[in-house]
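Residue numbers (the working numbering): 24 to 139. A virtual CB, placed ideally from N, CA and C, is assigned to each residue, including glycine. Below is one structure; the comments refer to it alone.
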């Protein structure tokens with residue numbers, strides 16, 4: 024019969040008694056991650072977040088999708104709190120929020136790039 028040595032568990036890590044994220048924080052974080060999970064949406068968002076000030080929807084780069092699809096993506100980014108918009112006559116101008124710029128920095132860090 025072979026004896027198995029006992030491990031000293033006095034210094035073992037214990038699981039936290041409360042979750043790392045509250046349900047509200049988890050929901051908010053998931054919303055942001057969903058907003059930047061689409062490649063086309065992420066490209067539009069990066070354009071807005073790295074631009075100087077506001078960008079007219081008419082000046083956004085061609086991302087290979089229809090105008091209604093671009094509008095859909097911009098709405099999702101706005102709902103996640105990553106961009107703001109302002110209508111001026113027939114055009115809508117978009118700009119990244121402070122939170123949006125922070126999120127872009129985190130996304131770029133995931134890709135090994137610095138935000139700037």
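- Residue 110 counts as exposed, since fewer than 16 other beta carbons sit within 10 angstroms of its beta carbon.
- Secondary structure note for residue 124: it is in no beta strand (DSSP E), and the uninterrupted alpha helix (DSSP H) holding it is 121–133.
- In the three-state reduction of the DSSP assignment, residue 45 falls in the coil class, being assigned neither a helical nor a strand state.
- Under the DSSP assignment, residue 110 falls in the beta strand (DSSP E) whose first and last residues are 106–111.
- By a beta-carbon distance limit of 8 Å, residue 72 contacts residue 124. Their separation comes to about 5 Å.
- A distance of 7 Å or more separates the beta carbons of residue 132 and residue 55.
- Under the rule that a run must span 4 or more residues, the alpha helix (DSSP H) segments found entirely inside the region 49–94 read 62–73.
- Leaving aside the five residues that flank residue 107 on each side, the residues in its chain whose CB is nearer than 6 Å to its CB run, in chain order, 118, 120.
- Closest in alpha carbon position to residue 81, among 114, 58, 49, is 114.
- Scanning its chain for C-beta atoms nearer than 6 Å, with the 5 sequence neighbours on each side dropped, one finds around residue 116 the residues 77, 79, 109, in chain order.
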